[in-house]
Ligand code: SAH
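In the numbering used here, the protein residues as written are 1 to 213.
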């Protein structure tokens with residue numbers, strides 16, 4: 001077995017399953033996507049460590065557990081149209097790409113978006129489209145979505161995301177201060193939104209009109 005494949009299996013068995021990730025499709029996707037290709041060469045050996053890593057421009061690729069947890073909370077079955085805010089390295093987009101029909105991902109930093117787009121294309125993740133814009137506005141021209149995942153920390157829940165969700169759609173978003181947040185799963189129902197809080201977390205800030213300054 002290739003070394004990185006072995007490290008990926010360990011990541012799933014030691015970081016994800018024991019902490020309660022149960023969705024087998026999510027575990028399978030995490031077992032498959034080559035995370036080491038989404039970090040710079042000098043960090044490849046640490047790609048499967050239990051932590052976030054820098055990807056340039058002051059941004060990070062999220063910890064594997066956080067990627068798995070957020071993805072699980074989206075409750076994807078395979079036919080969904082998903083919006084991701086915060087493309088970053090493109091790793092989360094690749095994981096999503098294996099679990100739904102279409103991924104729309106928005107990044108505000110052009111250089112990261114271009115790099116991610118090229119990598120995703122090269123690796124054959126063809127159902128992912130990358131956009132450069134302020135993701136706090138959502139992606140109105142492609143709405144509505146079945147699920148929305150925000151991979152940067154917000155001061156509050158932007159109404160734009162609720163508006164751009166289909167009925168029974170799920171929004172997964174870290175909400176809190178600039179330095180620490182709580183992961184929320186918000187479901188849009190006919191009688192209003194149903195909010196569940198999950199694990200504490202630390203994300204880079206969501207910067208934009210309905211985020212941080
Ligand atoms: N999902 C990424 C994690 C990236 S970190 C991965 O798997 O690598 C969060 C990203 O959100 C950063 O790249 C940051 O530039 C981006 N971001 C922050 N505010 C944003 C906004 N308003 N719109 C789009 N992207 C934003």
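Virtual Cβ for every residue (Gly too), placed ideally from N, Cα, C. Nothing here was measured: the structure is a model prediction, and the numbers come from that model.
| Check | Outcome |
| --- | --- |
| Report the start-end ranges of each alpha helix (DSSP H) in the segment 34-108 that is 4 residues or longer and not cut off at the edges. | 64-73 and 91-97 |
| Under the three-state reduction of DSSP, which class applies to residue 198: helix, strand or coil? | strand |
| Could you give the C-beta distance for residue 97 and residue 151, rounded to a whole number, given that I count them as a contact under 8 Å? | With 8 Å as the limit, residue 97 and residue 151 do not qualify as a contact, their Cβ atoms being about 15 Å apart. |
| For residue 26, which of helix, strand or coil comes out of DSSP? | helix |
| Which same chain residues end up closer than 7 Å to residue 44 when comparing Cβ atoms and leaving out the 5 residues on each side of it in sequence? | 36 |
| Would you say the beta carbon of residue 159 is closer than 7 Å to some non-hydrogen atom of the ligand SAH? | no |
| Look at residue 90 and residue 53 and say whether their C-beta atoms are less than 8 Å apart. | no |
| Just to confirm my understanding: we take residue 135, look at its own chain, exclude 5 residues before and 5 after, and list those with CB closer than 7 Å. What are they? | 85, 86, 106, 108 and 208 |
| What residue range does the alpha helix (DSSP H) around residue 9 cover? | 3-10 |
| Leaving out five residues on either side along the sequence, give the residues of the same chain with a beta carbon under 6 Å from the beta carbon of residue 174. | 153, 181, 183, 201 and 203 |
| Determine the closest residue to residue 38 out of 28, 177, 121 and 27, with distance taken between C-alpha atoms. | 121 |
| Using only alpha-carbon positions, find the residue among 104, 28 and 57 that is nearest to residue 139. | 104 |
| Leaving out the 5 sequence neighbours to the left and right, which residues in its chain are closer than 7 Å to residue 127 when beta-carbon positions are compared? | 97, 101, 102 and 103 |
| At the level of alpha carbons, what is the spacing between residue 191 and residue 22? | 29 Å |
| Sorted by chain position, which residues of the same chain lie with C-beta nearer than 6 Å to residue 33's C-beta, five sequence neighbours on each side aside? | 94 and 95 |
| Which class does residue 135 belong to by DSSP, given the choice of helix, strand or coil? | helix |
| In the DSSP output, what is residue 205 paired with across the bridge? | 153 |
| How would you write the range of the beta strand (DSSP E) that residue 186 sits in, first residue to last? | 181-189 |
| State yes or no: is the C-beta of residue 56 nearer than 7 Å to some heavy atom of the ligand SAH? | no |
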